[in-house]
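With the first letter of the sequence shown counted as 1, position 142 gets the number 141 in numbering that gives the first Met the number 0; the numbers rise by one all the way through.
We put the beta carbon where it would ideally sit given N, CA and C, even for glycine.
These notes are about the structure you will find just below.
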Amino acid sequence: MTETMYWNNHTMLFKPVFNMVISPITIIISIIGICGNSLVVWYLSFKIKRNTSTVYIFNLALADAAFLLFVVVLTFVSMVFTLAPGLEAHYEDAHFINVVDMLTLACIFGYNTSLCLLTTISIERCLSVLFPIWYHCNRPKHLSSGVCTIVWITSCLLSALEVTFCYNVTYNRTGIAGGSGKECKVVFIIICCFSFMIFIPSMTVSSLILLIKVWKSSQQRQPRKLFVVITVTVVFFLVFGMPMRILLLTWYKHHMMPPFPIMDLFSLFCSANSAINPFVYYLVGRKGSHGGKITLLAILQAVFRDEGSQYKREERKISADPENVM
0 MTETMYWNNH TMLFKPVFNM VISPITIIIS IIGICGNSLV VWYLSFKIKR
50 NTSTVYIFNL ALADAAFLLF VVVLTFVSMV FTLAPGLEAH YEDAHFINVV
100 DMLTLACIFG YNTSLCLLTT ISIERCLSVL FPIWYHCNRP KHLSSGVCTI
150 VWITSCLLSA LEVTFCYNVT YNRTGIAGGS GKECKVVFII ICCFSFMIFI
200 PSMTVSSLIL LIKVWKSSQQ RQPRKLFVVI TVTVVFFLVF GMPMRILLLT
250 WYKHHMMPPF PIMDLFSLFC SANSAINPFV YYLVGRKGSH GGKITLLAIL
300 QAVFRDEGSQ YKREERKISA DPENVM
């Protein structure tokens, strides 16, 4: 018992110090990520020809930039309260609670949107690899825009349910009485089903297929850079982004704050996950350029070039196959 009390006191003593180390790092990484994702959004909006891939990447960069922006605000607020303990009285202020809840909703919304979009990108690229001609001939022209709209709406609804019935109730911030625990359990089951029965398995299997495709292509010729980008992005999300979802679900289930310093570290990992994508695009796009001066526009175009050339190659390959000639 004495050892436990000593550990708790020791932890509380170093928590402000640790917070003041991790928080600035999180803010710096997030600001860099906002700049990188904003640059990607700008190039995809005005400089690069739109295709099925750029629509998804545009929305992913937008979701990541929004997530990082609200992470910066929340982290800054946390730093201010750490430096000024006298402000703790505002924790009970209704206006302050509403602002924090809205910021939290925005963060969870950006996170969920990124998860949905990554899953969608992985599945669609997987279909284009397995059935290239069928995919090219049967894919609706405006499918990307329609799917992205559905993703944003679905993510918004799921995030609102999560914050209203689980996040707020865990913090005891709402006046929902009686059935709040049952409602949170329903939302908890919905989130678990979407995350661990639909999104994560689909994303993982699709990325594994893309990884195999990249490996086989590398034996014959340089693999398509978009496949490499998607595979690396998904791996980073599973390693750095997924732990936060598991942490929040555990929190909702047991109504217990995670022990220090797990929440701070996972927030840092989530920020790094959303900030790193533009650098992945840059590094993969630059690969094979054989040195020399190359513009950022050319690098991004190398990553997100149209899939039409691949379809034509596959069509010629099948047409040249004697077994397919009648």
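{"query": "Of the choices 250, 239, 253 and 135, whose alpha-carbon is the least far from that of residue 266?", "result": "239"}
{"query": "Mind checking which residues open and close the alpha helix (DSSP H) that includes residue 77?", "result": "51–82"}
{"query": "On the CB-based measure, 16 or more other CB atoms within 10 Å of its CB, does residue 145 come out buried or exposed?", "result": "exposed"}
{"query": "Could you tell me if residue 19 is buried or exposed, where buried requires 16 or more neighbouring beta carbons within 10 angstroms of its beta carbon?", "result": "exposed"}
{"query": "Assuming residue 100 contacts residue 273 under a Cβ cut-off of 8 Å, what Cβ separation, rounded to an integer in Å, is found between them?", "result": "With 8 Å as the limit, residue 100 and residue 273 do not qualify as a contact, their Cβ atoms being about 21 Å apart."}
{"query": "Are there 16 or more other CB atoms within 10 angstroms of the CB of residue 27, so buried, or fewer, so exposed?", "result": "exposed"}
{"query": "Cα-Cα, which of 46, 23 and 247 is closest to residue 298?", "result": "46"}
{"query": "So, are the CB atoms of residue 226 and residue 246 less than 9 Å apart?", "result": "no"}
{"query": "I need the DSSP call for residue 294, collapsed to helix, strand or coil.", "result": "coil"}
{"query": "Only counting the same chain, and skipping five residues up and downstream in sequence, which positions put a Cβ closer than 7 Å to that of residue 22?", "result": "74, 77 and 78"}
{"query": "Taking only the alpha-carbon atoms, compute the straight-line gap between residue 16 and residue 140 and give it to the nearest angstrom.", "result": "54 Å"}
{"query": "Would you kindly work out how many angstroms separate the C-alpha atoms of residue 234 and residue 194, rounded to a whole number?", "result": "16 Å"}
{"query": "Please work out which residues of its chain come closer than 7 Å, Cβ to Cβ, to residue 166, disregarding the five sequence neighbours upstream and downstream, and give them in chain order.", "result": "103"}
{"query": "Tell whether a beta-carbon distance below 9 Å holds between residue 276 and residue 60.", "result": "yes"}
{"query": "Considering only the beta carbon of each residue, do residue 366 and residue 118 sit closer than 9 Å?", "result": "Past the edges of the chain, shown from 0 to 325, lies residue 366, and the structure says nothing about it."}
{"query": "Near residue 81, what residues of its chain come up, given a Cβ to Cβ distance below 7 Å and the 5 sequence neighbours on each side ignored?", "result": "15, 18 and 19"}
{"query": "Going along the chain, which unbroken runs of the alpha helix (DSSP H) with 4 or more residues stay wholly within the stretch 212–244?", "result": "224–235"}
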